[in-house]
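Position in the sequence shown (from 1) plus 20 gives the number in this note's numbering. The beta carbon of each residue, even a glycine, is placed where N, CA and C say it ideally should be.
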Amino acid sequence: NFEPPALKFAIYKVVSVRNLAWKLYMLANMSWHKKLCVNHYIKSGIDHYFNSGAKTRIHGEYLRKVSGLPNEFAYKDLKTATNRFSNVIGRGGFGSVFSGTLSDGKRVAVKRLHRADDGIDEFLAELSALASLNHSNLVRLHGFCTERSHYLLVFEFMENGSLHDWLFNADREPLDWNTRYCIALQTARGIAYLHEDSSSSRILHLDIKPHNILLDEDFNAKVADFGLAKLLNKDVSRVVTVHVRGTPGYIAPECVMEYAITAKSDVYSYGMVLLEIVSGRRVIDRSGESEQWYLPSIALAMLREGKLEDLFDRRLHMISTGAAEEMARAVKLALWCIQNNSALRPSMATVLQILEGTVEILDPPLDSYFAFGPINEEE
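Take a look at the structure:
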């Protein structure tokens, strides 16, 4: 068939334009696909960076500056020791604790972060605080693991669990007063060591509570869980921080109000624990019908009425005169420890002397505490 030259030229132009458009489309598509692949590669690299050894290397730079680091364990060895992390003995905000047995037969407690992105600061704080500590009333750190995205701490195993379980678990036989008094004394020794006697640093624990006081097979007490701890130079006595996470009922007013925190913040928490040891009651307890649900207020009222014996744990039978005197002294000491004005609180060294009976204790003021009420109880 004959096609006029003009028509052939027009058809040629249409085909050429269409081919050119197709080539441009393919070129743009290839460019877009290449950019997508590059972006994916970059994102994958970033994800790999934050979920691999690169992040660990950053923390490794930090860890190399920590003196007295314990053994570093391989993740596979801890996985084997804990039977693939199957035996949970405790859970917290940032991780879980598992019992395990190392290859040498030593029983341990392995604390593992839930996620690598959460709790890194707490992990590093705990590792830094415990690395150079050596005291019979502080839980011993055997080692750690920072392999890839796994963060674990390996502690000595405490056969009798936490003080909290023995005070508030109805299935447990109540501890006698002598055992409780020893626990109070040993806990005070551990905290006093942190504040005054530990190497070149002053350590504020900032989360003293019955959950964090662990008991070995002979019911010796050891302070544990240093995830919120602050390390200060010995010549620094206070630190201003925006917000200190703590446990409602135990956290000191200055921590909530974002004032300067000091060793007296731990003294406040210890005072709350001491009240619980004597009474067997929780600091904050709204489970019953009584309007008296805040333990410090109950203790203060009984002191005013001269009926401190009514505060003593009713599960304790046949309390001797000597034991009753120790319990009354402990209540008075606790009320000094939880003064809202931190300047009125004794140091942990003085707390220890009072418990040991080398320093006399005066009656605390009857009209100057609890203006702040039950601290942070709704959180």
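Asked, Found
"Cutoff 7 Å; reference ALA344; Cβ partners in own chain excluding five residues on either side", "GLU329"
"Nearest-angstrom beta carbon gap, LEU235 and LEU183 [assumed within contact, 8 Å]", "6 Å"
"LEU147 versus ILE374 - alpha carbon distance", "32 Å"
"Boundaries (first-last residue) of the alpha helix (DSSP H) holding LEU147", "140-151"
"Test item: CB-CB of ILE211 and TYR290 under 8 Å", "yes"
"When ASP191, LYS96, LEU320 and LEU158 are compared against SER169, the one with the closest alpha-carbon", "LYS96"
"GLU176 versus SER116 - alpha carbon distance", "15 Å"
"Cβ-based burial, GLY139 [other Cβ within 10 Å; buried from 16]", "buried"
"Among HIS337, PRO385, LEU382 and PRO384, nearest to ASN198 - alpha-carbon criterion", "HIS337"
"Where HIS170 sits in the DSSP three-state scheme", "coil"
"At least three beta-carbon pairs within less than 8 Å, the region 203-210 to the region 290-302", "yes"
"Buried/exposed call for LYS126, threshold 16 Cβ in 10 Å", "exposed"
"Other residues of its chain near LEU372: CB distance less than 7 Å, five sequence neighbours each side excluded", "ALA208, ARG209 and ALA212"
"CA nearest to the CA of PHE239, picked from ARG222, SER317 and SER156", "SER156"
"Nearest-angstrom Cβ-Cβ length linking ALA249 and ILE281, presumed shorter than 8 Å", "Actually they do not touch by this definition, with Cβ atoms about 12 Å apart."
"Enclosing alpha helix (DSSP H) for HIS184 [first to last residue]", "183-188"
"Presumed contact (8 Å Cβ cut-off) between GLY269 and VAL303, rounded CB distance", "4 Å"
"Between the CA atoms of GLU237 and ARG192 - distance to the nearest angstrom", "15 Å"
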